[in-house]
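**Student:** Residue numbers (the working numbering): 11 to 162. No residue lacks a Cβ here, since even glycine has one placed at the ideal position from N, Cα and C. My questions will all concern the structure given below.
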Amino acid sequence: MKKKIDLFLPISGEVVGLTEVNDYLFNKKIMGEGVAIKPKDNFVYSPVDGEIVLVYDAKHAIGIKTEEGLQLLIHVGIDSVKLEGKGFASYVKVGEKVKAGDKILFFDREFVERQASTITPLVITNSEIIESIDINYKTTKAKELFMTVVLK
């Protein structure tokens, strides 16, 4: 039986394809398969149960690994790294276990919007272990099921 992993929307907003991200690492899927979210809120929640494996110093990006080995990167904004953490606060640190729906990050959306794009890619950085992805682009509320990944 193939392993299925449900992902819950990490931030309220509009779910769009990675092609809408103005950064070739994401829109050419070099970073991995996934989606982008045009955020309508300031809080980011874990989309899965897992372990925090990365928190960038600038607090704009968090990596999570599930028990099954799926690795996710949530990258709030494009060019947001240049803010050097201003407008961001992380609620987690590397090594912490999280449950889907746990609050992991705050960002001042209005502040960030004035200086960078707030579009938020969520990518599977080890996409080679995926057989299929089913995405519901109509989901708009954080913590609602919006993606199911089937592993090979």
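Would you please state the rounded distance, in angstroms, between the beta carbons of residue 103 and residue 59? I believe it to be under 8 Å.
**Tutor:** About 17 Å; that fails the 8 Å criterion.
**Student:** In whole angstroms, what separates the C-alpha of residue 24 from that of residue 66?
**Tutor:** Going from the Cα of residue 24 to the Cα of residue 66 covers about 24 Å.
**Student:** Under DSSP, the alpha helix (DSSP H) around residue 34 begins and ends at which residues?
**Tutor:** Element bounds for residue 34: 34–37.
**Student:** Bridge partners of residue 143, per DSSP?
**Tutor:** DSSP output for residue 143 lists 159 as bridge partner(s).
**Student:** For residue 32, count neighbouring Cβ atoms within 10 angstroms of its own Cβ and tell me buried if that reaches 16, exposed if not.
**Tutor:** The residue in question, residue 32, is exposed, as its Cβ has fewer than 16 Cβ neighbours within 10 Å.
**Student:** If we count the other Cβ atoms within 10 Å of its Cβ and call it buried at 16 or more, is residue 160 buried or exposed?
**Tutor:** That one is exposed.
**Student:** Under three-state DSSP, which class holds residue 122?
**Tutor:** Here residue 122 sits in helix by DSSP.
**Student:** What residue range is occupied by the uninterrupted beta strand (DSSP E) comprising residue 132?
**Tutor:** Taken as a continuous stretch (DSSP letters only), the beta strand (DSSP E) holding residue 132 covers 130–134.
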